[in-house]
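Q:
There are 2 protein chains.
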Amino acid sequence: MNNTSKEELILEAAMDEFIARGWSGARMQSIADRAGINKTLLHYYYRSKENLYEQIVRRTMEYFFGSIFRKISGIENFEEFLRTFINTLIDLSSDNPRLPMFIMQELSRGGEAVLAILNDVLSRNNPPVTVVMLRNITRAMDQGKIRKISPIQLIMTLLGSSLYFAMAEPIVMKIGGMNGFMEGFDRKSFLEERKKEIFELIYRGLENRVADHG
Amino acid sequence: MNNTSKEELILEAAMDEFIARGWSGARMQSIADRAGINKTLLHYYYRSKENLYEQIVRRTMEYFFGSIFRKISGIENFEEFLRTFINTLIDLSSDNPRLPMFIMQELSRGGEAVLAILNDVLSRNNPPVTVVMLRNITRAMDQGKIRKISPIQLIMTLLGSSLYFAMAEPIVMKIGGMNGFMEGFDRKSFLEERKKEIFELIYRGLENRVADHG
DNA sequence: GTCTATACATCGATAGAC
DNA sequence: GTCTATCGATGTATAGAC
Numbered sequence: 130m131n132n133t134s135k136e137e138l139i140l141e142a143a144m145d146e147f148i149a150r151g152w153s154g155a156r157m158q159s160i161a162d163r164a165g166i167n168k169t170l171l172h173y174y175y176r177s178k179e180n181l182y183e184q185i186v187r188r189t190m191e192y193f194f195g196s197i198f199r200k201i202s203g204i205e206n207f208e209e210f211l212r213t214f215i216n217t218l219i220d221l222s223s224d225n226p227r228l229p230m231f232i233m234q235e236l237s238r239g240g241e242a243v244l245a246i247l248n249d250v251l252s253r254n255n256p257p258v259t260v261v262m263l264r265n266i267t268r269a270m271d272q273g274k275i276r277k278i279s280p281i282q283l284i285m286t287l288l289g290s291s292l293y294f295a296m297a298e299p300i301v302m303k304i305g306g307m308n309g310f311m312e313g314f315d316r317k318s319f320l321e322e323r324k325k326e327i328f329e330l331i332y333r334g335l336e337n338r339v340a341d342h343g
Numbered sequence: 130m131n132n133t134s135k136e137e138l139i140l141e142a143a144m145d146e147f148i149a150r151g152w153s154g155a156r157m158q159s160i161a162d163r164a165g166i167n168k169t170l171l172h173y174y175y176r177s178k179e180n181l182y183e184q185i186v187r188r189t190m191e192y193f194f195g196s197i198f199r200k201i202s203g204i205e206n207f208e209e210f211l212r213t214f215i216n217t218l219i220d221l222s223s224d225n226p227r228l229p230m231f232i233m234q235e236l237s238r239g240g241e242a243v244l245a246i247l248n249d250v251l252s253r254n255n256p257p258v259t260v261v262m263l264r265n266i267t268r269a270m271d272q273g274k275i276r277k278i279s280p281i282q283l284i285m286t287l288l289g290s291s292l293y294f295a296m297a298e299p300i301v302m303k304i305g306g307m308n309g310f311m312e313g314f315d316r317k318s319f320l321e322e323r324k325k326e327i328f329e330l331i332y333r334g335l336e337n338r339v340a341d342h343g
């Protein structure tokens, strides 16, 4: 018996299509083609595009926030937390380059329904992944391991630094190709280098000491 | 005589619409409504949605890359370069929150036409803004002002850190609201704080000295 | 140049046979 | 459950009067 049910086949195809083209760009016919089924079956199983879309948003957010939560929860040491968080974000976004942009894009577009899904997904983990991160940073500050900073600003910097390459990869490669400073580019080793550089830069930047300048 | 010609009115309306909703989400009727004109005139002046879109992409890229170029070109001092680059990106993206995402989104979607526009826009400044940035970073390394790093990785980190908040603002505000750690949030002062925090973190992280850890 | 009316294509959704 | 055929809404684009 085939365990990859038709429902599951559809969901995977729909995820690919919605993430690649967004809500307004996605086509039911294209989802059916990806799944290798008749278009009518999409409506048979999932009633409407809107409904199918909501399930994809839920699934996507569960995957994204769930992955981060599983990786960082339980870590007590700040250096390990920092390194793990960066590595997880880069792995996640390089495996699914359009995922971060999809979440942000459709969350600013989506109305109450999408917000409710986000709320539900985040509250499923206890404590929520957002709280876990804040605690780790605050604790490190209290213990004097890092200097006093705004935890939220640090989280933004970590997210931005780690997710940006995957989001901007097409344009980066194009600009890089034009200027010739991407010769012999190897994606895999670039991403490994990226993990190290981000960690090193931020870890040094957080050290609890007086800086050279004013 | 009204200097805001009808062509210009249409372009501004189209820019708002395309940036807000993307290629597939944008509606010609909605552009006409924003411009306060009849829908037919869009085709009279710009022939097709595709053609209008290309002009918007060009205009957007000229604005974005041109702004950065004008701000950073001519700066010799590395610290000033770093500060100016960060400030410019944050000002640009907070004034036009959807602009960075639009450029990235539509550049990964767009085909040859969009790439040609990018090529054209970048090569208009001499030297291109990308080269200016690389030079500044490389010079600072050669002079021993900062430690040895990968210039491209640094540029990615700067872009990601500075642009991320504007891109993710809707989701950040929602998550922040849910967890109650965004009480009394003031956008303007947050952004000013953000400029300082990013600069401080990265400047310290680049200092040419031995770090605490391995 | 600007309008109304309408052609034409696409897409989501459903009816109905099997 | 799965298919073909088709409806109805929406969106781009144009014809033609003024």
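Sequence order for the protein chains is A and B. When the letters of the first sequence are read in order and numbered with this note's numbering, they come out as residues 130 to 343. When the letters of the second sequence are read in order and numbered with this note's numbering, they come out as residues 130 to 343. Each residue gets a CB set at the ideal place from its N, CA and C atoms; glycine is no exception.
1) Kindly identify the DSSP beta-bridge partner or partners of E336/A.
2) Please list the partners that L263/A has in chain B, where partner means a Cβ-to-Cβ separation under 9 Å.
3) Name, going along the chain, the residues of the segment 241-266 of chain B whose beta-carbon falls closer than 9 Å to a beta-carbon of chain A.
4) What's the call for T267/B, buried or exposed, on a 16-neighbour Cβ count within 10 Å?
5) Determine, for Q272/A, whether the minimum Cβ-Cβ distance to residues of chain B falls below 7 Å.
6) Skipping 5 residues on each side, what residues in its chain have a beta carbon closer than 7 Å to that of W152/B?
7) Starting from K324/B, find everything on chain A with Cβ-Cβ shorter than 9 Å and list it in chain order.
8) Thinking C-alpha only, which one of N254/A, E329/A, S222/A and A245/A is nearest I300/B?
9) Thinking C-beta only, is Q158/A closer than 7 Å to K168/A?
10) Quick one: Cα of S252/B to Cα of G165/A, how far?
11) Helix, strand or coil for G151/A? Go by DSSP, reduced to three states.
12) Secondary structure at E209/B, three-state DSSP: helix, strand or coil?
13) Could you check how far apart the C-beta atoms of Y174/B and E136/B are, in whole angstroms? I think they sit under 8 Å.
14) Please go through the same chain and pick out, in chain order, the residues whose beta-carbon is closer than 6 Å to the beta-carbon of L221/A, but skip the five residues on each side of it.
15) When you compare only the Cα positions, how much space is there between P256/A and F210/A?
16) Just the C-alpha distance for E336/B and A269/A, rounded to the nearest angstrom, thanks.
17) Just to confirm before moving on: does the CB-CB distance between F198/B and V243/B stay below 7 Å?
18) Find the residues of chain A that neighbour Y192/B, judging by a C-beta separation of less than 9 Å, and give them in chain order.
19) Check the C-beta distance from T286/B over to L283/A and give it rounded, since I have them as a contact under 8 Å.
20) Pop quiz: I160/B and E146/B are said to be a contact at Cβ under 8 Å. What is the actual Cβ separation, rounded to whole angstroms?
21) F193/B: which of M311/B, V260/B and I219/B sits nearest, CA to CA?
A: Considering the structure as presented:
1) Counted from its first residue, the first sequence places residue 336/A at position 207. According to DSSP, E336/A bridges with I275/A.
2) Here residue 263/A refers to the residue found at position 134 when the first sequence is read from its first residue. By Cβ distance, chain B contributes N308 and F310.
3) Taking 9 Å as the Cβ-Cβ cut-off against chain A, the residues of the segment 241-266 of chain B that qualify are L244, L247, N248, L251, S252, P257, T259, V260 and L263.
4) Working through the second sequence from its first residue, we reach residue 267/B at position 138. By the neighbour-count rule (16 or more Cβ atoms within 10 Å), T267/B is not buried but exposed.
5) Counting from 1 along the first sequence, the entry for residue 272/A is found at position 143. Closer than 7 Å: no.
6) For the purposes of this step, residue 152/B is taken as the residue at position 23 of the second sequence. Excluding positions up to five away in sequence, the list reads Y182, E235 and R238.
7) By 1-based counting over the second sequence, the position of residue 324/B is 195. Ordered by position in chain A, no residue passes the 9 Å Cβ test against K324/B, which lies about 10 Å from the chain.
8) What you label residue 300/B is simply residue 171 of the second sequence in a count that begins at 1. Here the closest residue by C-alpha is A245/A.
9) Position 39 of the first sequence, counting from 1, holds the residue named residue 168/A. Position 29 of the first sequence, counting from 1, holds the residue named residue 158/A. Taking 7 Å as the Cβ cut-off, K168/A and Q158/A qualify as a contacting pair.
10) Here residue 252/B refers to the residue found at position 123 of the second sequence. Here residue 165/A refers to the residue found at position 36 of the first sequence. G165/A has its alpha-carbon roughly 44 Å from the corresponding atom of S252/B.
11) Taking the first sequence and counting its residues from 1, one reaches residue 151/A at position 22. Three-state DSSP puts G151/A in a helix.
12) For the purposes of this step, residue 209/B is identified with residue 80 of the second sequence, where counting begins at 1. Three-state DSSP puts E209/B in a helix.
13) Locating residue 174/B in the second sequence gives position 45, where the first residue counts as 1. Locating residue 136/B in the second sequence gives position 7, where the first residue counts as 1. That pair is a contact at about 6 Å.
14) Stepping through the first sequence from its first residue, residue 221/A is reached at position 92. Contacts found: S196.
15) As a position in the first sequence, residue 256/A is number 127, starting the count at 1. As a position in the first sequence, residue 210/A is number 81, starting the count at 1. Using only the alpha carbons, I get a separation of about 16 Å.
16) Within the second sequence, numbered from 1, the residue matching residue 336/B stands at position 207. Within the first sequence, numbered from 1, the residue matching residue 269/A stands at position 140. For E336/B and A269/A, the distance between alpha carbons rounds to 22 Å.
17) For the purposes of this step, residue 198/B is taken as the residue at position 69 of the second sequence. For the purposes of this step, residue 243/B is taken as the residue at position 114 of the second sequence. Not closer than 7 Å, so no.
18) Walking along the second sequence from the start, residue 192/B turns up at place 63. The contacting residues do not exist; Y192/B stays about 16 Å from chain A at best.
19) Looking up residue 286/B in the second sequence gives position 157. Looking up residue 283/A in the first sequence gives position 154. Not really, about 13 Å apart at Cβ, beyond 8 Å.
20) By one-based count along the second sequence, residue 160/B stands at place 31. By one-based count along the second sequence, residue 146/B stands at place 17. Taking 8 Å as the upper bound for CB-CB distance, I160/B and E146/B are in contact here, some 5 Å apart.
21) Locating residue 193/B in the second sequence gives position 64, counting from the first residue. The shortest Cα separation from F193/B among M311/B, V260/B and I219/B belongs to I219/B.
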